[in-house]
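Heads up, the thing below is written out as structure tokens.
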Amino acid sequence: MSPSQTLTRPDAAVTSGRAAGPAERRSTRSAPPLLSKGVVNGVLLAAMLWTVLPLTWLVIAATKGYADLYSTGGFEFARVRLWENLVELFTFGDGLFLRWLLNSFLYAGVGALASSMISIMAGYAFDKFRFPGKERWFGLVLLGVLVPAAVTTVPLYLMASDLGLTNSFWGVFLPGLASPFGVYLGRVFSQAYVPDELLEATRVDGAGELRTFWQIAFPLLRPAFATLFLFGFTAGWNAFFMPLLMLSDHHLYPVGLGLFMWRQQINADQDLFYPLLMTGSLVAILPLIVAFFSLQRYWKAGLTAGAVK
Amino acid sequence: MPPTRSGLARRQYGVAALFTAPFFLLFFAFTLAPIGYGGWLSLHREQTSGLGLGGEPEQVFVGLDNFTKALTDPRFLGSFVTVGLYCLVYIPIMIGIALLLALLLDSAYARAKRFFQLALYLPNIVPGLIAAMIWTYLYTPGLSPIIDALEQVGVPFNLGSDAGAIGAVANLTTWMHTGYNVIIFFAALQAVPREVIEASTVDGAGQIRIAWSVKAPMIRGAVVLAVLFTVIGAMQLFTEPFIVRDAATTIDQAWTPSLYIYQLTKAYDMGGAAAASLILTVVLAVASFLVTRFSKKGAKL
């Protein structure tokens, strides 16, 4: 397990410093800044290599054929056949992979748009409106955050099966829409981004609550919307257990489940399925990377709003 | 004035209901109703009535039968032992590494902080399924640069053992989740008042001592919360061992509670699956309670 080795080494370096007795502390402190700088950045660099190398391996593997995958080292290029792999990926089984990608965009993309909107509206209502039993309802939302997926998945599958929704788009799409954590974040964001005085002013002007929300509050909440969308999109794109239970028709699969199916079939034709799987995995990550980097202004706000107080 | 005020309040009730209705309708339909249904299922078993082909399956009330069956199944109990061992390995290592990296990022010596944060966070956006597939290949002898390198320096890595399997999964999940917690801890560290750190520097404390004795205790709340969420996620472990078992042969169909539940569902033992889910939920609740309780006690010391 080389990764953990890379990680224990720097850790040990710091522990030895940390364990220094009072007599040695002075010398630790006056260690040349150059050395400290080297150690700190060296450890960070090692950790970064550990996070990035497996992805590099995937990028290189996606350029290889099956024979080269086993005959050449993981981090060395063989004959680069990325283009051939991509053509094969998108044409195999009448463009099955493209269909899976589109399914994922529907489940994750449209799902995240709807669920972010639902969360923002509910969070805004909890922050700005007075209504009876408000904190009790919010307590229910907070309890919802703690409900593990394990307890709802099996009954959801059976309910969907009674309603004839298994093996359908809706069986995967609908259960993901309500996000208690999203509502919680929505309230936190509404407190932070929408000043109460602004709403008071528009109320005095006689604007209706709906118009106030659309024209005044929502534009201010756009960063919050982007954050929730990013989270929802990632969660939806990565969902595995639910679609695995719900879907049996592979035309409805999201891309992750499709790749899983190819993986199950790998022994039938390794020459065909290995490159499909490698290139397919790489392509399946790309939308997440694009979403992440284009919305990166927002992700940190979202991550920390929920966890740091 | 009062009439307008109450008018405003009443108008707010309506709008509030309108704004929260979509969430609560979906929440009732897809979270609360399934919990209730799961409770009902856990007390029933499907039986085919009548003789032969014409019989419709019907749900028969069996009391706590499904629960006793699950709790006396050594495979189900074993899955909790495995996941418990996994938590003991994974959580201290992952949280420890994340805290160390966050403290390093927060130190005066770190360069390119934004770049490091992005790079460290990257694995967190890779779907668990794909991450597990990548690492499964990286664990495969003959294909893996890592295993080959380890063998060259004389460290055998045996995925075929229980310890090897736990290590393999823990390494994978550490890879996936460390960056997320680095970001959270780093943000919490940034919120530590600078005066506190300046005061310690004036008092003659070194950087390492400040990091360990001043900064780390101040973000205790963020760390406890991270441990709590990690415990909840780790005990529901499913996707990673589901994939890694292609390389790690000791991972069986009941390696974790979630795998056990999945296998019962596939066998159409819905009562058993529902009972096992509820037991898992209770264990999760107890574990969460212990984490928060333990951290409060620690704070008083």
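Sequence lines, in order, name chains A and B. Just so we're aligned: the first sequence equals residues 1 to 309 in this note's numbering. Just so we're aligned: the second sequence equals residues 1001 to 1301 in this note's numbering. Heads up, the beta-carbon is just placed ideally off N, CA and C, and yes, glycines get one too. Keep in mind that this is a model prediction, so the values were computed, not measured.
Check	Outcome
Beta-ladder partner(s) of P1057/B, from DSSP	T1048/B
Where W1255/B falls: helix, strand or coil (DSSP)	coil
V1303/B versus K1069/B, L1099/B, V1060/B and W1040/B, residue with shortest Cα-Cα distance	The requested residue 1303/B is not part of the displayed model; chain B covers only 1001 to 1301.
DSSP state of S190/A mapped onto helix, strand, coil	helix
Contact set for N1066/B: own chain, Cβ-Cβ below 6 Å, skip 5 residues either direction	S1042, G1271, G1272 and A1275
Cutoff 7 Å; reference A1165/B; Cβ partners in own chain excluding five residues on either side	L1159, A1248, T1250 and I1251
Neighbouring residues, chain B, relative to Y157/A (Cβ below 8 Å)	T1265
Chain-ordered residues of the stretch 1121–1148 of chain B with a beta carbon less than 7 Å from chain A	L1122, P1123, I1125, V1126, P1127, G1128, L1129, I1130, M1133, I1134, W1135, L1138, G1142, L1143, S1144, P1145 and I1146
Contact check, P1022/B vs I118/A, beta carbons under 7 Å	yes
Whole-angstrom distance between V40/A and F173/A, CA atom to CA atom	45 Å
Contained alpha helix (DSSP H) runs [length at least 4] in the stretch 1045–1130 of chain B, N- to C-terminal order	1065–1071, 1074–1106 and 1113–1121
Extent of the continuous alpha helix (DSSP H) run through I1035/B	A1033 to S1042
P287/A and Y1037/B closer than 7 Å at C-beta	no
Coarse secondary structure for P22/A, derived from DSSP in three states	Below a pLDDT of 50, predicted positions are generally treated as unreliable, and P22/A, at 43, falls in that range; the measurement from the model is reported next regardless. Helix at P22/A.
Collapsed DSSP secondary structure at V1015/B in the structure displayed	helix
Selected residue, minimal CA-CA separation from I959/B, among W1135/B, R1220/B, F1229/B and R1245/B	Nothing can be reported for residue 959/B: it is not among the residues displayed for chain B, which extend from 1001 to 1301.
Start-end ranges of the alpha helix (DSSP H) lying completely within the stretch 156–181 of chain A, minimum 4 residues	169–173
P1034/B: contacting residues in chain A (beta-carbon distance under 7 Å)	T152, P155, L156 and M159
C-beta atoms of P54/A and I1134/B nearer than 7 Å	yes
Neighbour flag for S71/A against chain E, beta carbons, 7 Å	Protein chains A and B are contained in the structure displayed, whereas chain E is not.
Nearest-angstrom Cα separation, counted from I216/A out to V290/A	30 Å
CB contact check: M1094/B to chain A, cutoff 7 Å	no
Contact belief for Q264/A with Y66/A at Cβ below 8 Å, rounded distance in angstroms	With 8 Å as the limit, Q264/A and Y66/A do not qualify as a contact, their Cβ atoms being about 17 Å apart.
Beta-carbon gap between S1277/B and V151/A smaller than 7 Å	yes
Contact between the stretch 1174–1184 of chain B and the stretch 1256–1268 of chain B (3+ Cβ pairs under 8 Å)	no
Completely contained alpha helix (DSSP H) runs for the stretch 1160–1195 of chain B, where each covers 4 or more residues	1162–1190
Inter-residue spacing [alpha-carbon to alpha-carbon] between V1084/B and I1232/B	The question names Val, but residue 1084/B is Gly in the sequence shown. So the two alpha carbons sit approximately 12 Å from each other.
Nearest-angstrom Cα separation, counted from I1147/B out to S1200/B	45 Å
Segment contact, 8 Å Cβ cut-off, at least three pairs: the stretch 206–225 of chain A with the stretch 101–112 of chain A	no
Helix, strand or coil at N85/A according to DSSP, with G and I counted as helix	helix
Inter-residue spacing [alpha-carbon to alpha-carbon] between R136/A and A1016/B	14 Å
Local conformation of S1144/B per DSSP, three classes	coil
8 Å CB neighbourhood of T72/A in its chain, flanking five on each side removed	K64 and A78
is_contact[S1107/B, chain A] using C-beta, thresh 7 Å	yes
Where V1291/B falls: helix, strand or coil (DSSP)	helix
Any chain A beta carbon closer than 7 Å to Q1012/B	yes
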